[in-house]
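>
Protein chains in written order, with the numbering used here: chain A, 852 to 1270; chain B, 852 to 1270.
1) Considering only their Cβ atoms, is the gap separating residue 943 (chain B) from residue 887 (chain B) smaller than 7 Å?
2) With DSSP as the reference, identify every bridge partner of residue 1162 (chain B), one or two as the case may be.
3) Skipping 5 residues on each side, what residues in its chain have a beta carbon closer than 7 Å to that of residue 1259 (chain A)?
4) Consult DSSP for residue 1004 (chain A) and reduce its assignment to one of helix, strand or coil.
5) Contact check, residue 1268 (chain B) vs residue 875 (chain B) under 8 Å by CB: the rounded distance?
6) I'd like to know if residue 887 (chain B) contacts chain A, where contact means its C-beta is closer than 7 Å to some C-beta of that chain.
7) Measuring alpha carbon to alpha carbon, tell me which residue in A:1143, A:1150 and A:1162 is nearest residue 1135 (chain A).
8) Where do the N-terminal and C-terminal ends of the beta strand (DSSP E) with residue 1217 (chain A) fall, by residue?
9) From the DSSP output, in three-state form, read off residue 995 (chain A) for me.
10) Between residue 1128 (chain B) and chain A, is there a C-beta pair that is closer than 7 Å?
11) For residue 1142 (chain B), which residues in chain A fall below 8 Å Cβ to Cβ?
12) Go to residue 1193 (chain B), then tell me how far its alpha helix (DSSP H) extends in each direction, as first and last residue.
13) Are the CB atoms of residue 995 (chain B) and residue 1194 (chain B) within a distance shorter than 7 Å?
14) Using Cβ-Cβ distances below 9 Å, what residues of the stretch 927 to 942 of chain A are close to chain B?
15) Residues in the same chain with beta-carbon distance under 8 Å from residue 1189 (chain B), minus the five sequence neighbours each way, listed in chain order, please.
16) Should residue 912 (chain B) be flagged as near chain A, meaning a C-beta pair shorter than 7 Å?
17) Can you name the start and end residues of the beta strand (DSSP E) that residue 856 (chain B) belongs to?
18) Using CA coordinates, which residue listed in A:1198, A:1080, A:1047 and A:979 is at the minimum distance from residue 1220 (chain A)?
19) Considering only their Cβ atoms, is the gap separating residue 1191 (chain B) from residue 1166 (chain B) smaller than 7 Å?
20) With a threshold of 7 Å on Cβ separation, who are the neighbours of residue 1133 (chain A) within its own chain once the five nearest residues in sequence on each side are excluded?
21) Excluding sequence positions up to five away, which residues of its chain have a Cβ less than 6 Å from the Cβ of residue 859 (chain B)?
22) Note down the Cα distance separating residue 928 (chain A) from residue 1151 (chain B), rounded to an integer number of angstroms.
23) Quick one, which residues of the stretch 1159 to 1175 of chain A are near chain B if we go by CB-CB under 8 Å, in chain order?
24) Distance, Cα to Cα, residue 1241 (chain B) vs residue 1060 (chain B)?
25) Take the Cβ of residue 976 (chain B) as the centre, count every other Cβ of all protein chains shown within 10 Å, and call the residue buried at 16 or more, exposed below.
26) Per DSSP, what are the beta-bridge partners of residue 900 (chain B) in this structure?
27) What first and last residue would you give for the beta strand (DSSP E) that runs through residue 978 (chain B)?
28) Could you spell out where the beta strand (DSSP E) holding residue 1139 (chain A) opens and where it closes?
29) Can you find a heavy atom of the ligand ATP that lies under 6 Å from the Cβ of residue 1220 (chain A)?
30) Which partner residues does residue 1041 (chain B) have in the DSSP bridge list?
31) Can you tell me which of A:1114, A:1032 and A:934 puts its alpha carbon nearest to the alpha carbon of residue 954 (chain A)?
32) Using the C-alpha atoms, what's the distance from residue 1207 (chain B) back to residue 1235 (chain B)?
33) Taking all protein chains shown into account, decide if residue 1122 (chain B) is buried (16 or more other Cβ within 10 angstroms of its Cβ) or exposed.
34) Can you pull the chain B residues whose beta carbon is under 9 Å from the beta carbon of residue 1131 (chain A), in chain order?
35) From the DSSP output, read off the bridge partner residues of residue 1213 (chain B).
36) Give the DSSP-derived three-state secondary structure of residue 852 (chain A) in the structure shown.
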């Protein structure tokens, strides 16, 4: 049953993305991803999906050839080979929403789609779903939260995307109602850090009034000072399931956590294993948003999940703009992680395009866990070609929310401790 | 490729064991183990090995039927079913060398041999070694330490076992030389807690003088007070690779660790995941001896290994008297755990019997990692029958080192903070 890897293809794609506002700026008309295809001697193809920014893409392409000859189960050796090949290379990360880049973080990002593709292959080979290779699903459906964004009605010069503008509490409530109506979400997450805190407090309260049964989270991406974070936390006492990254850094987060009435969550100040000891010591966070794309893959994320359980930290899941390969990987991970304690984030509703033939769908706020072999999704070759051409034509080579917003608001600077 | 579990056999065995002295007493003439056979519809058999004490055996037998119908990959569901079946049952542990029993600890012990047997089966099914299912080996050979014991020449009324008596530094040095000559060990571990500390200090110094190139560890199984632990630690500065469980409990260990010149190791005060937060907070230990038999299996031990790496704690491996199924499982685990930072413990040299046809062998102090499918060992049915009859005839139903020593030294009490 030997089936060594013969080649690895890395294909950048661009897909239409609405003008979603955040502390770093606004989403550009196209979001970038890279689709990884790992092929074996028997002709099988395993799929992975990751960031499509140029510096990351360069590392992926540099690393890809070293997978040749590996057994699809041998992910430890894959990591060792990639580490040896990259020798501490670093892929700077322009938007910086998960903090400064580093060689360790870059390595974790590069190996992740390869590991996912290898698990997809191992699943196909054993006729088992990926979750079975992680120990087996502990739930049959994975709940997701509606991911609400302040947004414009359209990109400058573009067509309306159909979701309408959302620039005040009424707009956010309308967006929430539309998203809940379409997908049945049972909880809400608002991306904040866009307007002054009082405006975002008003939006949260409007959501609580309009949809009182749905828990709400707020994520200002570290746009606030400690003092502001504590004021908002007190004002929203009873209204937030958790408050995500109100301020920057494990020390400042610990100062907020000490007095905030709700749990603090993060996908910014604890984004690598070497951040955990300090976060545990200081009590910086009560919830970690796992993300296999930057934690080093699905097995590494399972280890993170175990650490959260052991150290009494809640577990949720982070999302960037993504396509259906990532959604499938996220669902298998969430299915197999006993510690998952909150619905996951996903940008799925915001992406109209996909690279898989039958994307997993969100029904009643959840995705049914696929039990087909591997990831359970199939590449749509025509769509991949189309989105790759779109990548070549769109002229975007790295995410730059700030630069894009500055084309409209020339004085914009990223909101870090802005309030 | 579906191959559901059809039945599970749990067979207690007894095998001849030399009179090895420790803080709890002395090893009885027979050590007990239980051999677990998990069978599938296709006729495959997966092997596991665990403790053979009666209370544990009762829980194993109660749990075994719930595995029926499970897929061999579905270890998470196995754990959930066993937990539901045992409903918080506890198997008291007479010798107490890993602390008081608890429902959580008992559950981890019961699921472990089932998980190992399921991984053995998953490996056979995928034609991959068990280490491949844990991410793949990161080393081709696993180093072990010579496990030295104070011992009598023979059991009362028995024949000499050929190792001779070891009741003073000369005896320990002779034992070390014999064991190194036979197995090529590159490091030494002395089980202490038997004689007053100065006698054991003298034994360590004698080992250092006789075999200066071989690192030495000393494990008195918490026989000392904090004050004595610190005195011994200072006297053996430069002579010990690590000092294992000098005293009892995470708080007392932390007080020793704060001033001891060498790392402290444990397989007594951190033996379950819920012990880790306090141990990390207090700095109780610098090395944890993993043991899949009580940490809940191989995947759980891999999670422990990841936590050790993340929290800057060294990783070694603990051993109880065991046979060749456990040795194989230990080797696959050690092969796949990148964080392993010390040679592992094993009682292999002390066991003359086995239940596998071709036990893995220790050559040049290491065991070559098997790459055959599954665990890579085959049950010797005739030997299993013989050792099972021996179990039925020997009259021992639970390990009782203290009770056995009291048949010789009527006033013996277990050495806890005795010095």
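For every residue, glycine included, the Cβ atom is placed at its ideal position computed from N, Cα and C.
Once the coordinates are examined:
1) Within the second chain, numbered from 1, the residue matching residue 887 (chain B) stands at position 36. Within the second chain, numbered from 1, the residue matching residue 943 (chain B) stands at position 92. Not a contact, by the Cβ cut-off of 7 Å.
2) Taking the second chain and counting its residues from 1, one reaches residue 1162 (chain B) at position 311. Bridge partners of residue 1162 (chain B): none, in fact.
3) Position 408 of the first chain, counted from the start, is the residue given in the question as residue 1259 (chain A). If you ignore the 5 residues before and after residue 1259 (chain A), its C-beta comes within less than 7 Å of the C-beta of 1007, all in its own chain and listed in chain order.
4) Here the question's residue 1004 (chain A) lines up with position 153 in the first chain. Taken through DSSP and simplified to helix, strand or coil, residue 1004 (chain A) comes out as coil.
5) As a working mapping, residue 1268 (chain B) is identified with position 417 in the second chain. As a working mapping, residue 875 (chain B) is identified with position 24 in the second chain. Wrong, their Cβ atoms sit about 14 Å apart, outside the cutoff.
6) As a working note, residue 887 (chain B) is residue 36 in the second chain. It does not; no Cβ of chain A falls within 7 Å.
7) By one-based count along the first chain, residue 1135 (chain A) stands at place 284. Closest option to residue 1135 (chain A), judged by alpha-carbon separation, among A:1143, A:1150 and A:1162: A:1162.
8) Position 366 of the first chain, counting from 1, holds the residue named residue 1217 (chain A). Counting along the chain, the beta strand (DSSP E) containing residue 1217 (chain A) begins and ends at 1217 to 1219.
9) Counted from its first residue, the first chain places residue 995 (chain A) at position 144. Strand, per DSSP.
10) Within the second chain, the letter at position 277 stands for residue 1128 (chain B). For residue 1128 (chain B), the nearest CB of chain A lies under 7 Å from its own CB, placing it at the interface with that chain.
11) What you label residue 1142 (chain B) is simply residue 291 of the second chain in a count that begins at 1. Contact note: residue 1142 (chain B) does not reach chain A at a C-beta cutoff of 8 Å; the least C-beta distance is about 17 Å.
12) For the purposes of this step, residue 1193 (chain B) is identified with residue 342 of the second chain, where counting begins at 1. Per DSSP, residue 1193 (chain B) belongs to no alpha helix (DSSP H) and is neither H nor E.
13) As a working mapping, residue 1194 (chain B) is identified with position 343 in the second chain. As a working mapping, residue 995 (chain B) is identified with position 144 in the second chain. It is a contact, given that the beta carbons lie within the stated cut-off.
14) 927, 928, 929, 930 and 931
15) Position 338 of the second chain, counting from 1, holds the residue named residue 1189 (chain B). Same-chain partners within the cutoff: 989, 1156 and 1160.
16) Numbered from 1 along the second chain, position 61 holds the residue referred to as residue 912 (chain B). Judged by the 7 Å Cβ criterion, residue 912 (chain B) is not in contact with chain A.
17) For the purposes of this step, residue 856 (chain B) is identified with residue 5 of the second chain, where counting begins at 1. Note, residue 856 (chain B): beta strand (DSSP E), 856 to 867.
18) The residue you call residue 1220 (chain A) lines up with position 369 of the first chain. When C-alpha distances from residue 1220 (chain A) are compared across A:1198, A:1080, A:1047 and A:979, the shortest belongs to A:979.
19) Taking the first residue of the second chain as position 1, residue 1166 (chain B) is located at position 315. Taking the first residue of the second chain as position 1, residue 1191 (chain B) is located at position 340. Yes, they are a contact pair.
20) Position 282 of the first chain holds residue 1133 (chain A). Within the same chain, Cβ atoms closer than 7 Å to the Cβ of residue 1133 (chain A) are found at 1101, 1102 and 1105, the five residues on either side in sequence being excluded.
21) Position 8 of the second chain, counting from 1, holds the residue named residue 859 (chain B). The residues are 889, 915 and 918.
22) Within the first chain, numbered from 1, the residue matching residue 928 (chain A) stands at position 77. Within the second chain, numbered from 1, the residue matching residue 1151 (chain B) stands at position 300. Cα to Cα, the separation comes out at about 21 Å.
23) 1160, 1161, 1162 and 1163
24) Here the question's residue 1241 (chain B) lines up with position 390 in the second chain. Here the question's residue 1060 (chain B) lines up with position 209 in the second chain. Each residue's Cα considered, the two are about 42 Å apart.
25) Locating residue 976 (chain B) in the second chain gives position 125, where the first residue counts as 1. So residue 976 (chain B) ends up on the buried side.
26) As a working mapping, residue 900 (chain B) is identified with position 49 in the second chain. B:886, per the DSSP bridge assignment.
27) The residue labelled residue 978 (chain B) in the question sits at position 127 within the second chain. Where residue 978 (chain B) is concerned, there is no enclosing beta strand (DSSP E), given that its DSSP letter is neither H nor E.
28) As a position in the first chain, residue 1139 (chain A) is number 288, starting the count at 1. Per DSSP, residue 1139 (chain A) belongs to the beta strand (DSSP E) from 1138 to 1141.
29) Ligands in the displayed structure: none, and consequently the ligand ATP is not present.
30) On the second chain, residue 1041 (chain B) is found 190 positions in, with the first residue counted as 1. Residue 1041 (chain B) pairs with B:999 and B:1069.
31) Translated into the one-based positions of the first chain, residue 954 (chain A) becomes position 103. The shortest C-alpha separation from residue 954 (chain A) is found at A:934.
32) Against the second chain, residue 1235 (chain B) aligns to sequence position 384. Against the second chain, residue 1207 (chain B) aligns to sequence position 356. Distance between the alpha carbons of residue 1235 (chain B) and residue 1207 (chain B): 8 Å.
33) For the purposes of this step, residue 1122 (chain B) is taken as residue 271 along the second chain, with counting starting at 1. Under this definition residue 1122 (chain B) is a buried residue.
34) Walking along the first chain from the start, residue 1131 (chain A) turns up at place 280. Simply 1128, 1131, 1132 and 1162.
35) On the second chain, position 362 is the one that residue 1213 (chain B) refers to. In the DSSP output, where bridge partners are listed per residue, residue 1213 (chain B) has B:1218.
36) To locate residue 852 (chain A), count along the first chain from 1; it is residue 1. Three-state result, residue 852 (chain A): coil.
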